[in-house]
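For reference, the structure is listed below as structure tokens.
There are 2 protein chains.
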Amino acid sequence: MDTISTPAGEVVDALGGSAIYGALSGSYFCPVKIVGVLGTDFPVSGLELLQQHGVNLDGLDFKEGKTFRWSGKYHNWNKAETLNTELNVFADFAPLLPCSYKTCNSLLLANIHPELQLQVLKQIETGAHLACDTMNYWINRCPEEVSKVVSRVDVVFMNEDEVKAFTGRTDIFSAAREILSLGPQWVIVKRGEYGSVALSKNEMYFAPAYPVKNVKDPTGAGDCFAGAFMAYLSNCKELKRACIKNAVLYGTVLASMNVQDFSVNGIIGRNKAQIDADKELLIRWTN
Amino acid sequence: MDTISTPAGEVVDALGGSAIYGALSGSYFCPVKIVGVLGTDFPVSGLELLQQHGVNLDGLDFKEGKTFRWSGKYHNWNKAETLNTELNVFADFAPLLPCSYKTCNSLLLANIHPELQLQVLKQIETGAHLACDTMNYWINRCPEEVSKVVSRVDVVFMNEDEVKAFTGRTDIFSAAREILSLGPQWVIVKRGEYGSVALSKNEMYFAPAYPVKNVKDPTGAGDCFAGAFMAYLSNCKELKRACIKNAVLYGTVLASMNVQDFSVNGIIGRNKAQIDADKELLIRWTN
Chain D
1 MDTISTPAGE VVDALGGSAI YGALSGSYFC PVKIVGVLGT DFPVSGLELL QQHGVNLDGL
61 DFKEGKTFRW SGKYHNWNKA ETLNTELNVF ADFAPLLPCS YKTCNSLLLA NIHPELQLQV
121 LKQIETGAHL ACDTMNYWIN RCPEEVSKVV SRVDVVFMNE DEVKAFTGRT DIFSAAREIL
181 SLGPQWVIVK RGEYGSVALS KNEMYFAPAY PVKNVKDPTG AGDCFAGAFM AYLSNCKELK
241 RACIKNAVLY GTVLASMNVQ DFSVNGIIGR NKAQIDADKE LLIRWTN
Chain C
1001 MDTISTPAGE VVDALGGSAI YGALSGSYFC PVKIVGVLGT DFPVSGLELL QQHGVNLDGL
1061 DFKEGKTFRW SGKYHNWNKA ETLNTELNVF ADFAPLLPCS YKTCNSLLLA NIHPELQLQV
1121 LKQIETGAHL ACDTMNYWIN RCPEEVSKVV SRVDVVFMNE DEVKAFTGRT DIFSAAREIL
1181 SLGPQWVIVK RGEYGSVALS KNEMYFAPAY PVKNVKDPTG AGDCFAGAFM AYLSNCKELK
1241 RACIKNAVLY GTVLASMNVQ DFSVNGIIGR NKAQIDADKE LLIRWTN
């Protein structure tokens, strides 16, 4: 649950968190299953919203106590200042996957401690497309564990600062090559308002950001990108460039929808036709 | 003549200036004619180089005295700190076009005082594609004159900071719309390492930057972009989106070649096949 202040306004104890942003975004492309822990103060309306989006909640753990809370303030649109983090019931969370989750087509390890990401990876049966997100906090504090996760997934999501911090390189292209040498098939370098670049050993794909008139709240944009991306990939057998391109474009569209409103309000109740229309515009603007 | 220091090295009294960067870049796409003033200290080798590139020098004015000099230092790759500017023979320059220049297909008003740009515009016969570049220095000091130039050209080249400063808007898309309302058909917003966006009233085209491993000297990148862009357009009757797209891509390729070496060394002695191959890669990476 997030308390967020941006130049466009603020919200208190609003629905948030990587898993929820990712699940709602992904729900437009495949049935989504979510793993996480909630306190008893989590609003029932949040669970109803996930269910309306067809999200399977079997992997949610409900614990006596308060839900994880984050509070941040955006002075500009690029970076939030963290005002407060309360782990609460998340403090001793150990992700345990229901049996029905272990044979998924596509797994997104959203941004948490890399040790927890590794615990989830151990529970997944082979055959799924695996992806991880992370953040500078983990890259700085436990780089070896992040490397371990990176070496075991097919797709890595990082922003420009993160690929540079993780590799010590000063340009994103040599940084991406170094990450690819650890094992992943694709690195997706996110560049905020400048879009993203998907890189594999032999291929590259540049996508612009979808132009947004009034940004209200950038929180969760990366999670929405990754959620839509991986949910779309659940329909692809191999991670060929054409699939990655579509995944990037859908990720871009959902991220742009997300930043136009606070909390998850930008990504709920959308329809697939609208999403496809935005994706077609992105293609038109780059062709 | 430029004296430049970057994290990759330095050069003293090297060939430079918007007109020279633009002319050499443009020379790969059409015969170029150049207008400007030089002091008697200007090296003959510089004139030879322009002639080797087929550049017509009839519009060059040679004056007793020293050539214009600029000296700058790049602490990072995005922005130069001006250490020194000596106007020298440029101080009382009034551009006078030879008769053979007045019926060109394509005119680039490179970055100088907007009053001088207006003087050139008055000498051009109708029918040419007209474009202007500028910089924050002029936008801040003589915004009305810049507006006058902008309202009389077909294509405006500005970077992100410049479109924002010129319009007072905080996002490039509404800034571009405001600039278009003054008259131009296209605004080309340059975003450095993030590429560029071409915008008209009803169309948009996003291009990435060409990835460069070792940047040595960013000086003149914008001039190379604009020079290649306008020289390519001299072959186009109307400024349709397909022409603008090609112009942007050629501009991008020449700008990327330029930053890989000091002074004009990155853009001389190239061949068209190499330029076309780089352009095709840009298309492949965005398709």
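First to last, the protein sequences are chains D and C. Counting in our numbering, the first sequence runs from 1 upward without gaps. Counting in our numbering, the second sequence runs from 1001 upward without gaps. Note that beta-carbon positions come from the ideal geometry of N, C-alpha and C, so glycine has one too.
Cut-off 6 angstroms between Cβ atoms - residues of its own chain near residue i, not counting five sequence neighbours on either side
i	result
residue 183 of chain D	151
residue 30 of chain D	231 and 234
residue 1023 of chain C	1032, 1034 and 1055
residue 1175 of chain C	1163, 1164, 1167 and 1169
residue 25 of chain D	224, 227, 228, 254 and 267
residue 1159 of chain C	1190
residue 1143 of chain C	none
residue 1069 of chain C	1001 and 1086
residue 138 of chain D	114 and 146
residue 1215 of chain C	1077 and 1259
Chain C contact for residue i (CB, 8 angstroms cutoff)
i	result
residue 250 of chain D	no
residue 286 of chain D	yes
residue 211 of chain D	yes
residue 157 of chain D	no
residue 208 of chain D	yes
residue 204 of chain D	yes
residue 28 of chain D	no
residue 194 of chain D	yes
Residues near residue i by beta carbon distance below 8 angstroms, same chain, minus five either side
i	result
residue 1109 of chain C	1117, 1120, 1121, 1130, 1131, 1132, 1133, 1149 and 1153
residue 210 of chain D	252, 253, 255, 256, 278, 281 and 282
residue 1212 of chain C	1256, 1259 and 1260
residue 248 of chain D	188, 196, 198, 205, 207 and 229
residue 1050 of chain C	1020, 1023, 1024, 1034 and 1057
residue 1161 of chain C	1136
Same chain, Cβ closer than 7 angstroms to residue i, neighbours up to 5 away in sequence not counted
i	result
residue 123 of chain D	97 and 102
residue 64 of chain D	40
residue 965 of chain C	Outside the displayed range of chain C (1001 to 1287) lies residue 965 of chain C, so it cannot be described from this structure.
residue 1075 of chain C	1081
residue 1095 of chain C	1035, 1116, 1119 and 1120
residue 1236 of chain C	1243
residue 1037 of chain C	1061, 1063, 1089, 1090 and 1093
residue 106 of chain D	128, 129, 230, 231, 233 and 234
residue 1100 of chain C	1058
residue 1010 of chain C	1004
residue 6 of chain D	74, 216 and 217
Minimum Cβ-Cβ distance from residue i to chain D less than 8 angstroms
i	result
residue 1257 of chain C	no
residue 1074 of chain C	no
residue 1232 of chain C	no
Presumed contact (8 angstroms Cβ cut-off) between residue i and residue j, rounded CB distance
i	j	result
residue 1089 of chain C	residue 1066 of chain C	7 angstroms
residue 190 of chain D	residue 227 of chain D	Between residue 227 of chain D and residue 190 of chain D the Cβ distance is about 13 angstroms, and since that is not below 8 angstroms, they are no contact.
residue 1287 of chain C	residue 287 of chain D	7 angstroms
residue 1028 of chain C	residue 1270 of chain C	7 angstroms
residue 1200 of chain C	residue 1014 of chain C	No, residue 1200 of chain C and residue 1014 of chain C are not in contact; Cβ-Cβ is about 37 angstroms, not under 8 angstroms.
residue 1018 of chain C	residue 1111 of chain C	5 angstroms
residue 241 of chain D	residue 203 of chain D	5 angstroms
residue 1220 of chain C	residue 1016 of chain C	6 angstroms
residue 1156 of chain C	residue 1179 of chain C	6 angstroms
Cβ-heavy atom distance, residue i to the ligand ZN, below 7 angstroms
i	result
residue 238 of chain D	The model depicted lacks the ligand ZN and carries no ligand whatsoever.
**OP:** Can you give me, in chain order, the residues of the region 1159 to 1192 of chain C that have a beta carbon less than 9 angstroms from any beta carbon in chain D?
**Re:** Within the region 1159 to 1192 of chain C, the qualifying residues are 1171, 1172, 1173, 1174 and 1191.
**OP:** Write down every uninterrupted run of the alpha helix (DSSP H) in the region 138 to 194 of chain D whose length is 4 residues or greater and which is fully enclosed by it, in chain order.
**Re:** DSSP runs (the alpha helix (DSSP H)) wholly in the region 138 to 194 of chain D: 143 to 152, 160 to 167 and 172 to 180.
**OP:** Only counting runs of 3 or more residues, tell me where the beta strand (DSSP E) segments fall wholly within the region 1105 to 1137 of chain C, in order along the chain.
**Re:** Entirely contained in the region 1105 to 1137 of chain C, the beta strand (DSSP E) runs reaching 3 residues are, in chain order, 1106 to 1109 and 1129 to 1133.
Original post:
If you measure beta-carbon to beta-carbon, which residues of the region 1126 to 1140 of chain C are closer than 7 angstroms to chain D?
Top reply: So the list is empty, because no residue satisfies the distance condition.
Original post:
At which residue ranges does the region 1191 to 1274 of chain C contain complete beta strand (DSSP E) runs of 3 or more residues, listed in the order of the chain?
Top reply: Listed in chain order, the beta strand (DSSP E) elements of length 3 or more contained wholly in the region 1191 to 1274 of chain C are 1196 to 1199 and 1204 to 1207.
Subject >> Uninterrupted alpha helix (DSSP H) stretches inside the region 14 to 88 of chain D (no shorter than 4 residues) >> reply: Entirely contained in the region 14 to 88 of chain D, the alpha helix (DSSP H) runs reaching 4 residues are, in chain order, 18 to 26 and 44 to 52.
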